[in-house]
Amino acid sequence: MDKQLRSQVVFHLTGRHAQGADAAAAVAGMRPALMAAHRRLDELRYDFPVVFTAAGDAFVQSLSSIVETALRTVAPAGVAGEALRRRGLRVEREIRRRVAHGETGTFGQLWERAVAAVAPAGDAAFLRDAGEIRKAIEVDGEVADCNAALPAGFLRHAWSAVQREKAAAARKRIGELVIRLRNILRADFARSEAALAKPVLEASFGGAHRTMFDFDAMSKLLARSGPRGGLSPRRRRRVEEALASLEAQRFFATPGQPAVTDFHGFEFETADAAMAAFRERLPELAQLLKALRVAELEIGGDYVEDVHDALFAGLDTASVTLEDLEFFPDYLVCLEACQAGTQGSLAAALSSGVPLKIVVHVDDVFEEAGLGQGHFAFGMRGSQLASTAMSFDNVFVLQTAASNLLQLRDRVQHGLRFAGPALFSVYAAPDGGALPGYLQAAAAMQGRAFPAFSYDPGAGTDLAARFSLENNPQPERDWPVERLDYADHELQAVSEEPAFTFVDFALCDARHSAHFGPAPRADWGQGMLPAHEWMARPVRDPGEGVPYVLAVDDADQLVRLIVDERLMRSALRCREAWHRLQELAGIRDSRAERLLARERQAWEEAHQRELAAAVAAAPAAAAEAAAAPAAVEAAPPAVVESEPARNPDEPYIETIRCSTCNECTQINPRMFAYNENKQAYIADLKAGTYKQMVEAAESCQVSVIHPGKPWDPNEPGLEELVARAKPFL
Ligand code: SF4
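Just remember that the working numbering sits 475 ahead of the position in the sequence shown, which is counted from 1.
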């Protein structure tokens, strides 16, 4: 083992770097190489900031989409609209920059401030164009960036929009019932003696005509004119009581109206407080439910005293069903993960069936495990909570990083409309980190540290319908792969496809810099393995490969960072957790994989036995053939099916030994295909790269892919690939 590799191995095993704290300090300013392109994030157009607009399906919109829509409306096509478009985008960029630096306000306010800041002095055309664009933008609302305040802010706004819709429907129903109950009472009064009394008749005529009539005589005349009818005293009392309950309800306030009634609030700081309020209001809720049902029966003329009296006498808090609760507002609780962790009653609240909508803001997916365990526990609070909630079966669960909230806007609304409890677990890094909050959150999702998923009990009865891995990148892979183009130290263009792993995510957090050791370019050698390849087949002997990740420093110089074993172990655990989610989503099936492996092994053993028997029988058959008379035609020798002799420089597959495991065809279905026996062969060598060929050889469970020599001398990383291909030649 050479000296460089030895020092890398020592760091990997011990986490101790020869340069001590200086090495960790140097790493603290670095970021994953795949994030180099996002260094000036506020100059890029992306999902954030967002604008919390008025209620409706698009209750949140990205600033970019709002400006884009307006530009499409007002800017003439082609060159004629170019200046206007440029000015609009300039204002948009200024708003994004301001919000990224902590400025707050509504879209309208920020637009005005941004225009004032960027309009060149005396440039009337700029002001005119900015004004025209602003006029075309009809939405307004608070502007929010992807930061620590986003999970609660986003969910609160979405919840308010859903509650407004619910309240509007409820108020309409209650309002119509109130009018019709009043009409019943008014009609009843009109038929009563009291309605024909002189003062009432007088009041019912306009002031101009009062002197023209003798109301005393009119009263006597009308009183004699026919039989009086009306409500029975029991029915009148029922209608009056229902009307009083409906008018006094405190669940649905009318927006913008001065609150005559002391309406209930539905946002709480803890699940305990929400549950207490729910229990306290339950009798009032049951009363309102009863009033609604009585009113509807009375209005329809369907109330049958013999039947319904007993029914309603028995209606109390215990009769309230989950379906009944759908009519009422949901309770919102926004928590920090640390609160959620200490709040033992959270699970009880979620399992109660009460329509609580609980938002848990997870701000740290790393937790140091107990002393002596020597590893991180990652994502424990958030993911444990989400998994526990899923086990309750009737709880809607959505887990996502804050950067993904806009993409999951519809899913969020769906969860808030779910008739039952819901948990929204959202990761957003604390403000003030080295990376913008958006990148930090996106890295957590990309690196599988905080993957997005949802569990919707209302979507069906089985897991396939209920569970979704949502929009995680490349969900079928262990780690998503992205293209990275850069110039090497000889200024030659290089293109690679590194994976973004949990280790890259850890690199985004300066607290973990001590787990990385920079390796100078002179020390780069065969003994270094990209972290995702190391995880694909962890080596027992560290001398055979130390894992590294690609990073960039402040000057965007590419650096390799050796990763210590402790962090790699954590990354492996993260991958296992991801595998479990994949399994829930039906992407992999560990039982089927085991069965397949068992069958494959049995097939291999049987095949080896057949081969051995054929080889053993060959000399005897040859001797028999030699002894047989020449005139007797020799029986054809037992055919041992085998591949023809091959040139080891040319890639080939021992097709007859292929066990149809799909590994190679998944890597590149154009390069590898199945024949009529469903066994793989190389369909088109030029449809793929040597790298894919080597990866297929490494993945092949029965080692029947032989990569040969590279066919494209310009393919990057050939030296390393040839070394990896050696065992399979
Ligand atoms: S990886 Fe190997 S066993 Fe699997 S399909 Fe390809 S050739 Fe067959």
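Note that beta-carbon positions come from the ideal geometry of N, C-alpha and C, so glycine has one too.
Per DSSP, cross-strand counterpart(s) of residue i
{"i": "P507", "result": "A1026"}
{"i": "E971", "result": "L959"}
{"i": "K832", "result": "L807, A897"}
{"i": "A876", "result": "Y902"}
{"i": "R1035", "result": "A994, L1025"}
{"i": "Y1127", "result": "H1181"}
{"i": "V535", "result": "F527"}
{"i": "E742", "result": "L807"}
{"i": "F871", "result": "A897"}
Residue range of the unbroken beta strand (DSSP E) whose run includes residue i
{"i": "S707", "result": "No beta strand (DSSP E) contains S707, which DSSP labels as neither H nor E."}
{"i": "Y961", "result": "959-962"}
{"i": "G992", "result": "991-994"}
{"i": "F486", "result": "Run containing F486: none in the beta strand (DSSP E); it sits in the alpha helix (DSSP H), 478-489."}
{"i": "F928", "result": "928-930"}
{"i": "M1003", "result": "1003-1005"}
Under 8 angstroms between C-beta atoms of residue i and residue j
{"i": "Q483", "j": "A994", "result": "yes"}
{"i": "A1136", "j": "I1180", "result": "At residue 1136 the sequence reads Cys, which differs from the Ala that was named. No."}
{"i": "C1133", "j": "A877", "result": "no"}
{"i": "R711", "j": "D663", "result": "yes"}
{"i": "D1039", "j": "F629", "result": "no"}
{"i": "V653", "j": "L721", "result": "yes"}
{"i": "F899", "j": "V834", "result": "yes"}
{"i": "R568", "j": "E617", "result": "no"}
{"i": "A499", "j": "S988", "result": "yes"}
{"i": "F582", "j": "D615", "result": "yes"}
{"i": "D979", "j": "G922", "result": "yes"}
{"i": "R1145", "j": "D1159", "result": "yes"}
{"i": "F727", "j": "R646", "result": "yes"}
{"i": "Q638", "j": "P804", "result": "yes"}
{"i": "E972", "j": "V956", "result": "yes"}
{"i": "P1191", "j": "V969", "result": "yes"}
{"i": "L559", "j": "A550", "result": "yes"}
{"i": "N1143", "j": "Q1176", "result": "no"}
{"i": "T792", "j": "P830", "result": "no"}
{"i": "L1042", "j": "H990", "result": "yes"}
{"i": "L982", "j": "R506", "result": "yes"}
{"i": "Y930", "j": "V872", "result": "yes"}
{"i": "V808", "j": "F787", "result": "no"}
{"i": "G828", "j": "L797", "result": "yes"}
{"i": "G1020", "j": "G1002", "result": "yes"}
{"i": "Y1165", "j": "P1185", "result": "yes"}
{"i": "G1163", "j": "Y1127", "result": "no"}
{"i": "A552", "j": "I570", "result": "no"}
{"i": "I608", "j": "A545", "result": "yes"}
Host alpha helix (DSSP H) of residue i (start-end)
{"i": "Y913", "result": "912-921"}
{"i": "E773", "result": "746-775"}
{"i": "V978", "result": "977-982"}
{"i": "A545", "result": "538-549"}
{"i": "S826", "result": "820-826"}
{"i": "L1047", "result": "1040-1059"}
{"i": "F527", "result": "No alpha helix (DSSP H) holds F527; the beta strand (DSSP E) holding it covers 525-527."}
{"i": "L938", "result": "938-941"}
{"i": "R892", "result": "884-892"}
{"i": "L800", "result": "797-800"}
{"i": "H783", "result": "780-788"}
(request) Please list the segments of the alpha helix (DSSP H) lying wholly inside the region 1133-1198, counting only runs of 4 or more residues, in order along the chain. (result) 1138-1142, 1165-1174
(request) Let me know the alpha helix (DSSP H) ranges lying completely inside the region 573-636, each 4 residues or longer, listed in chain order. (result) 582-593, 599-611
(request) Could you please go through the chain and list the residues whose beta-carbon is closer than 7 angstroms to any non-hydrogen atom of the ligand SF4? (result) I1128, C1133, S1134, T1135, C1136, N1137, E1138, C1139, T1140, F1147, Q1154, A1155, A1171, S1174, C1175, Q1176, V1177, V1179, I1180
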